[in-house]
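Asks: One structure, pasted below without further comment.
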Amino acid sequence: PQPWELLSAKTTILPASAKIRSGQVCASFLAPAQYTITLRLMSNWYEKAGILQGQDEPEGIIFHDIRRTVKTNMLSAGIDKVYRDMILGHSLRGMDVHYMSPSEDDLHRAMARYTEWLDSQLILQSVDHSVDQKPKKG
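Number 523 in the working numbering belongs to position 41 of the sequence shown; there are no gaps in the numbering.
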């Protein structure tokens, strides 16, 4: 079965760093899961958000930017490679094909961990880092 066939979640979450170069984080949420995310739908989202898109735009985002960002962020969040690959729809390779068979609960836990990590990044970005801190005497 395909990874998305294993997940029976009622919501589908597509996190993405929509403005990778500027360091901003954007998360898009769809519910319920019966909606399909198409390139046209994503194009409409980006147009409404004022985000440049396409290879012809110097700062334009393309679909693979999102996949690359999600996979990189999952690594930063400590998600195992097998779970990253399955969640992103990549085939298992090598010995993993024969010996790895994560359960639906495993994939849900991996996504929960990733979601917690994303939340923490949003909180970190909302902190004003410009305040000067005086060193403690001691």
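Even for Gly, the Cβ is constructed at its ideal location relative to N, Cα and C.
Could you tell me if L640 is buried or exposed, where buried requires 16 or more neighbouring beta carbons within 10 angstroms of its beta carbon?
Replies: Only positions 483 to 620 of the chain appear in the structure, and residue 640 is not among them; the question remains open.
Asks: Given this structure, state the Cα-to-Cα distance separating G536 from R575, to the nearest angstrom.
Replies: Approximately 31 Å, taken between the alpha carbons.
Asks: Might you give, ordered along the chain, the residues of its own chain that have their beta carbon closer than 7 Å to the beta carbon of I569, omitting 5 neighbours on each side?
Replies: P485, L589, A592 and M593, listed in sequence order.
Asks: Using only CA atoms, which one of A531, L534 and Y596 lies nearest to G560?
Replies: Ranking A531, L534 and Y596 by Cα distance to G560 puts Y596 first.
Asks: Which word fits D538, buried or exposed, when buried means at least 16 other C-beta atoms lie within 10 angstroms of its C-beta?
Replies: Label assigned to D538: exposed.
Asks: Going by DSSP, what residues sit across from Q535 in a beta bridge?
Replies: Q535 pairs with I543.
Asks: By DSSP, does L604 sit in helix, in strand, or in coil?
Replies: Correct three-state label for L604: helix.
Asks: Below 8 Å between beta carbons: does that hold for M582 and R566?
Replies: Not a contact, by the Cβ cut-off of 8 Å.
Asks: Closest to D547 by C-alpha separation, out of Q603, V564, M524 and L604, would be which residue?
Replies: It is M524 whose Cα lies nearest to the Cα of D547.
Asks: Compute the beta-carbon to beta-carbon distance between L534 and I544, rounded to the nearest angstrom, for a pair I have assumed lies under 8 Å.
Replies: Not quite, the Cβ-Cβ distance comes to about 10 Å (not below 8 Å), so this is no contact.
Asks: Residues in the same chain with beta-carbon distance under 7 Å from I605, minus the five sequence neighbours each way, listed in chain order, please.
Replies: Once the five neighbours on either side are set aside, I605 has no close Cβ partner at all.
Asks: Whose C-beta lies closer than 6 Å to the C-beta of A531 among residues of the same chain, with five residues either side of it excluded?
Replies: For A531, where only same-chain residues beyond five positions count, there are no Cβ hits under 6 Å.
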